[in-house]
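Beneath this line is the structure, given in structure tokens, with notes to follow.
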Amino acid sequence: MKNRVQLIGHVGQEPEIKNLESGKVGNFTIATNENYTNAKGEKVEQTEWHRISAWGKTAEIIESYVTKGKEVAIEGKLTTRSWDDKEGLS
349 MKNRVQLIGH VGQEPEIKNL ESGKVGNFTI ATNENYTNAK GEKVEQTEWH
399 RISAWGKTAE IIESYVTKGK EVAIEGKLTT RSWDDKEGLS
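Numbering (the working numbering), first residue to last: 349 to 438.
Following this line, the structure appears as structure tokens:
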């Protein structure tokens, strides 16, 4: 099996670009929408928010072309990250 995901949605905020020793990283969110009719016959729109991180050349492209509200298509892999804050809470 392969870890691969494709998302098409709208950018929720201006991308945050950071310059690290290892290169650039770009972070932003996108909203994806799904429309369906529920069991009562009512139309429902469900929005999911996704946090996106891009590295290197891809981060440079995001810095140049991606802005809040723009529709984008993203292809990548899913990863889970966690960290502890100053109080040791996750």
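Beta carbons are placed, not taken as given, at the ideal position from N, Cα and C, and that holds for glycine.
Under the criterion of beta carbons closer than 8 Å, L355 and I422 qualify as touching, at roughly 5 Å. By the Cβ neighbour-count rule, V392 is exposed, with fewer than 16 other Cβ atoms within 10 Å of its own.
Taking C-beta atoms under 8 Å as the contact rule, T380 and E396 qualify, at a distance of about 5 Å.
Across the structure, T428 and E419 are spaced so that their CA atoms are roughly 24 Å apart. Taking a contact as a CB-CB distance under 8 Å, the pair A402 and G371 does not count as one, their CB atoms being some 11 Å apart. Judged by DSSP in its simplified three-state form, A387 adopts coil rather than helix or strand.
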